Amino acid sequence: MPPDGKVALIAAVVALVPAWFSTRSPDPTQPGWAVRVYLQLFRSSDIPFLTGAAVRRKRFPVREAFLATWFLSFFVIFRFGVFVWPGVGR
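In this note's numbering, the protein residues as written are 54 to 143.
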């Protein structure tokens, strides 16, 4: 397996931890931090469909919050790992 593949695998597993602990709230009307990040990106978009969809949202399922947190955590951990892991990204 290439070194960046190992970093991606490690990042995928480690990202499960913040995703699990960040989405334990049972209240679907309060979005988690990752959902707020992509809603803000949608609101600042010039595409009317995305802007309108972000404004109309009232409920935020736990599954959506989990996946959003996992993706953002994965990419942060992966980018950090690419720069720290010896032999990757150089």
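Where is the CB? At the ideal position from N, CA and C, for every residue including glycine.
Computed from a predicted structure; not experimentally measured.
*Counting only the same chain and skipping the five closest in sequence on each side, list residues whose C-beta sits under 8 Å from that of V60.*
Excluding residues within five positions, the ones whose Cβ falls inside 8 Å are F131, G134, V135, W138, V141.
*Tell me whether V129 is buried or exposed, calling it buried when 16 or more other Cβ atoms sit within 10 Å of its Cβ.*
That one is exposed.
*Please confirm whether F113 and A68 have their CB atoms less than 8 Å apart.*
Going by C-beta atoms, F113 is not nearer than 8 Å to A68.
_Does the contact criterion of 3 or more C-beta pairs under 8 Å hold for the region 95–110 versus the region 62–79?_
The answer is no - the region 62–79 does not touch the region 95–110, with fewer than three Cβ pairs under 8 Å.
*CB-CB under 6 Å to L103, same chain, minus the five flanking residues each way: which ones, in chain order?*
Only F95 meet the Cβ criterion.
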